[in-house]
Amino acid sequence: MTDESPFKGQTGLRRVWNAFHYSRAGLRAAFLAEDAFRQEVLLAAVLVPLALWVAPDGIGRALMIGSVLLVLIVELLNSAIEATVDRVSLDRHPLAKRAKDIGSAAVLLALLNVLAVWACVLLG
Numbered sequence: 009m010t011d012e013s014p015f016k017g018q019t020g021l022r023r024v025w026n027a028f029h030y031s032r033a034g035l036r037a038a039f040l041a042e043d044a045f046r047q048e049v050l051l052a053a054v055l056v057p058l059a060l061w062v063a064p065d066g067i068g069r070a071l072m073i074g075s076v077l078l079v080l081i082v083e084l085l086n087s088a089i090e091a092t093v094d095r096v097s098l099d100r101h102p103l104a105k106r107a108k109d110i111g112s113a114a115v116l117l118a119l120l121n122v123l124a125v126w127a128c129v130l131l132g
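Quick note: to get the numbering used here, add 8 to the position in the sequence shown (first position is 1).
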């Protein structure tokens, strides 16, 4: 398949091993280069143990921790979108702004989701 990426092709355990290392490199890159990701990791470092302590049951813990992890996931995707847009061009363009604003809005919704989930779980 000539249209496929030359980086594709590994299968089995080798693919899993490579994917693990790429993921680790991505987390490291985000942590080192993205202030927002570092702030959200700090928030997660506080909220995850807090959820383990204050949640009334296992489902509540899962919902509270899941909502916090969702923020990190959305921030990683937002950072990837921003990096891709910047790679294409650093020129100001309405579509570049739209892409970055939409990614930022997704992070905001994930953060509001944390508030809603925590309120629902803690206030019943």
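C-beta atoms are modelled at their ideal positions from N, C-alpha and C, and glycine is treated no differently. Remember, it's a predicted structure, so these values are computed and weren't measured experimentally.
Going by DSSP, residue 66 is part of the alpha helix (DSSP H) stretching over 66-96. In this structure residue 122 touches residue 76 by the C-beta definition: roughly 6 Å separates them, less than 8 Å. In this structure, residue 82 lies near residue 118, with their beta-carbon atoms less than 8 Å apart. Taking residue 79 as reference, the option from 98, 46, 26 with the minimal CA-CA separation is 46. Looking at 84, 97, 64, 54, the one whose alpha-carbon comes closest to that of residue 35 is 84.
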